[in-house]
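The structure under discussion appears below in the form of structure tokens.
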Amino acid sequence: MNATIRRIDQLTNILAPMAVGQIMTFGSPVIGCGFISGWNLISMCIEYTLLLKVYRKTPALAHKAGSKVEESELKQLNVQKDGELKATEGVQLIHKKEVTVSEPEQEHVSCLSRMTEPFSTFRDGWVSYYNQSVFLAGLALAFLYMTVLGFDCITTGYAYTQGLSGSTLSLLMGASALAGILGTVAFTWLRNKCGLIRTGVISGVAQLSSLVLCVISVFTPGSPLDLTISPFIDISARLFESSPLPTMAPDGDLLEMPFTTEMPALANATSSDPGLAPSPVSLISVILLFAGVIAARVGLWSFDLTVTQLLQENVIESERGIINGVQNSMNYLLDLLHFIMVILAPNPEAFGLLVLISVSFVAMGHIMYFRFAHKSLGRNVFLCCTPELKSVANEPPNPDESNA
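Position one of the sequence shown corresponds to residue 1 (the working numbering), numbered consecutively onward.
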């Protein structure tokens with residue numbers, strides 16, 4: 001089910017840019033914005049309608065896990081009482097015990113306890129998350145959010161600085177979505193062949209192997225990596241210099257524009273003097289970068305589905321809301337850190353350093369997951385076998401066959 005939903009998500013990632021691009025190309029940006037707004041409103045209505053139908057068709061969703069446990073215990077008690085009554089049919093009960101139900105006393109909640117309640121809830125949630133058997137797996141998934149190697153605004157902005165066009169980027173996004181669909185298919189196949197935990201290990205190896213191309217792209221021709229250029233030169237010049245940029249010419253003098261005509265002159269001189277023509281920028285670096293990013297999506301989505309299923313299967317129902325909330329908080333926290341990292345180094349010359357930091361965080365995440373897998377499976381983590389073989393290995397020996 002998780003893989004099917006993820007395939008639908010990746011298909012929408014392919015179709016949505018194509019549809020919006022065509023509307024904005026043959027229409028206008030205003031029409032495109034109106035289409036997106038209307039589509040979101042219609043989708044919201046459809047989503048709420050489907051959720052309401054699911055809620056009505058599944059009455060168990062209206063009860064919390066605690067109430068379900070209490071109801072099951074009450075049912076067991078009722079069954080026991082019925083059995084006792086059948087065993088003692090025809091016997092008159094002389095003494096009847098009166099059962100008194102004590103009403104819970106309403107505790108007085110002070111103002112201080114109300115103020116500290118969110119912090120207590122925060123602490124209890126993290127303690128519960130830490131005590132889970134899949135803690136390392138969830139933390140590994142969160143570390144994968146600390147990366148600039150995804151098709152978000154940061155990567156597309158860097159692609160524009162390297163000369164890629166919007167049409168090229170749309171094709172790359174489509175290829176990335178196709179790789180994501182392939183990752184969901186690979187997850188289903190690996191899950192049936194090697195088991196769930198080993199699927200995460202294989203997915204991590206596949207993702208790290210693909211990200212090696214991104215590391216190589218940092219040092220290949222065409223890479224703008226130059227750590228000697230400070231990203232804060234322009235900011236400090238505008239914020240801390242005493243003389244701001246002039247807006248009006250003083251005393252009627254002509255305003256000296258800070259712009260130059262060096263680049264236009266150079267462009268115009270290309271026809272007369274070929275020696276002054278700018279040398280073409282090599283695209284080897286950006287090609288390797290996006291090849292690694294797209295190939296890594298296969299292992300990324302397969303690993304994401306693995307951890308998602310691990311959280312669903314290994315967390316008890318009464319704590320799923322707490323654990324999923326803490327997991328989402330971890331994901332958003334690491335995602336926020338990667339934006340802060342870009343704020344500290346926004347220039348394209350420092351993007352290579354951000355790539356290396358991102359690959360390091362992804363590697364640390366998969367190391368934590370490997371620790372979880374080794375803790376769960378031991379030496380069998382490297383034993384990839386089919387579920388049939390595993391079930392046979394776990395079955396107790398038949399005494400008749402052993403005697404034979």
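We put the CB at the ideal spot given by N, CA and C, even for glycine.
Bear in mind that the values here come from a model prediction, so they are computed numbers and not experimental data.
* To do: Give a yes or no on whether the C-beta atoms belonging to I14 and G180 are separated by under 7 Å.
  => Not in contact: I14 and G180 (Cβ atoms no closer than 7 Å).
* **Cα-Cα separation, Y48 to V54** => 10 Å
* To do: Out of S203, V185, A159, point me to the one whose CA is closest to G222's CA.
  => A159
* Within 10 angstroms of the Cβ of H338, are there 16 or more other Cβ atoms? Answer buried if so, exposed if not. => buried
* **Alpha carbon of A62 to alpha carbon of V362, nearest angstrom** => 39 Å
* Is the number of C-beta pairs between the stretch 183–201 and the stretch 318–329 that are closer than 8 Å three or more? -> No contact exists between the stretch 183–201 and the stretch 318–329.
* To do: Let me know the secondary structure DSSP gives V119 once reduced to three states.
  => One point to set straight first is that residue 119 is Phe, not Val, in the sequence displayed. In this structure, F119 counts as helix in the three-state DSSP scheme.
* Asked: In chain order, what residues of the same chain have a beta carbon less than 6 Å from the beta carbon of I154, not counting five sequence neighbours either side?
  -> V148, V342
* **Close beta carbons around V127, own chain, < 8 Å, minus the five adjacent residues each side** => Same-chain partners within the cutoff: there are none.
* Asked: Between S217 and L52, what straight-line distance do the alpha-carbon atoms span, to the nearest angstrom?
  -> 49 Å
* Leaving out five residues before and five after A296 in sequence, what residues of the same chain have Cβ atoms less than 6 Å from its Cβ? -> Q207, S210, L211
* Asked: With DSSP run on the structure shown, which of helix, strand or coil describes F143?
  -> helix
* Thinking C-alpha only, which one of G27, S28, N2, G32 is nearest A16? -> G32
* To do: In angstroms with no decimal places, state the Cα-to-Cα distance between S165 and Q312.
  => Separation of S165 and Q312 (C-alpha to C-alpha, rounded to the nearest whole angstrom) is 41 Å.
* Asked: Using DSSP with H/G/I as helix, E/B as strand and the rest coil, what is Q132?
  -> coil
* To do: Report the option in V20, M368, G150 whose CA atom is closest to the CA atom of G200.
  => M368
* Do the CB positions of T156 and L169 come within less than 7 Å of each other? -> yes
* Alpha-carbon to alpha-carbon, L356 and E284 -> In the sequence on display, residue 284 carries Ile and not Glu. Looking at the two C-alpha atoms, the distance is approximately 18 Å.
* Determine the closest residue to N347 out of L225, H374, I46, with distance taken between C-alpha atoms. => L225
* State the start and end residues of the unbroken alpha helix (DSSP H) segment that holds S217. => 196–218 is the extent of the alpha helix (DSSP H) around S217.
* **Local conformation of T188 per DSSP, three classes** => helix
* Asked: Does the ligand PLP have a heavy atom nearer than 6 Å to the CB of Y369?
  -> The ligand PLP is absent from the structure shown, which contains no ligands of any kind.
* Asked: In terms of residue numbering, what span does the alpha helix (DSSP H) encompassing I36 cover?
  -> 29–57
* Asked: Shortest alpha-carbon distance to T308 belongs to which of R191, V205, T58?
  -> R191
* Answer with buried or exposed for R7, where buried requires no fewer than 16 other C-beta atoms within 10 angstroms of its C-beta. => Counting the other CB atoms within 10 Å of its CB gives R7 a total of 16 or more, which places it among the buried residues.
* **Between the CA atoms of S133 and S302 - distance to the nearest angstrom** => Distance between the alpha carbons of S302 and S133: 20 Å.
* Asked: In terms of alpha-carbon separation, which member of A137, M364, T306 lies closest to C194?
  -> T306
* Would you kindly work out how many angstroms separate the C-alpha atoms of T386 and L334, rounded to a whole number? => Here the model assigns T386 a pLDDT of 47, short of 50, so the residue's position is not dependable, and the following value carries that caveat. Inter-residue distance for T386 and L334 is about 36 Å (C-alpha atoms, whole angstroms).
* Asked: Cα separation between Q22 and S28?
  -> Their backbone Cα atoms lie some 10 Å apart in a straight line.
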